[in-house]
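Written below as structure tokens is the structure these notes are about.
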Amino acid sequence: MIYHITTNEQWQLALQQNFYEAESVATEGFMHCSTGQQVSGVLHRYFKDKAGLVKLTIDTTKLLSGLQYDYSPSVNELFPHIYGRLNLDAVLHVEALQ
244 MIYHITTNEQ WQLALQQNFY EAESVATEGF MHCSTGQQVS GVLHRYFKDK
294 AGLVKLTIDT TKLLSGLQYD YSPSVNELFP HIYGRLNLDA VLHVEALQ
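In terms of this note's numbering, the sequence shown opens at residue 244 and continues consecutively.
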């Protein structure tokens, strides 16, 4: 399992479109994700004081787009990145974050 943080608004749009595509796919070529151990750090670094967030739990065996673990020098860790759209059937759970 890997995880992705997004806004509830973006998730609702994904449900209407039948796929989810993070803005970073257009700008960086991939969607940022995290392992279970990385989620809290990502929330603290990038989403502090943001409201209306959801955490997507993603089954990597169901992904139709490529998955690659890339090195992030700022935190000296490998992070999972999805290179393309996220097919909704790969999302096992959506959790509202507070």
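For glycine and all other residues, C-beta sits at the position ideal for the given N, C-alpha and C.
Please read all numbers here as calculations on a predicted model, not as lab measurements.
Buried or exposed by the 16-neighbour rule on C-beta atoms within 10 Å, applied to ALA294: Taking the sequence shown and counting its residues from 1, one reaches residue 294 at position 51. Counting C-beta atoms within 10 angstroms of its own C-beta, ALA294 has fewer than 16 neighbours from the protein chains shown and is therefore classed as exposed.
Supposed contact pair VAL282 and TYR246 - C-beta distance, whole angstroms, cut 8 Å: Position 3 of the sequence shown holds residue 246. Position 39 of the sequence shown holds residue 282. The C-beta distance from TYR246 to VAL282 rounds to 5 Å, short enough to fall under 8 Å.
CA-to-CA distance, GLN280 to LEU258, given in whole angstroms: Residue mapping note: residue 258 aligns to position 15 of the sequence shown, counting from 1. Residue mapping note: residue 280 aligns to position 37 of the sequence shown, counting from 1. Cα-Cα distance, rounded: 27 Å.
VAL297 vs VAL337 beta-carbon contact at 7 Å: Reading the sequence shown from its first residue, position 54 is the one you call residue 297. Reading the sequence shown from its first residue, position 94 is the one you call residue 337. Cβ atoms of VAL297 and VAL337: closer than 7 Å.
LEU309, DSSP secondary structure in three states: Along the sequence shown, one-based indexing puts residue 309 at 66. Position check: residue 309 holds Gly in this sequence, whereas Leu was assumed. Assignment of GLY309 by DSSP, reduced to helix, strand and coil, places it in the strand class.
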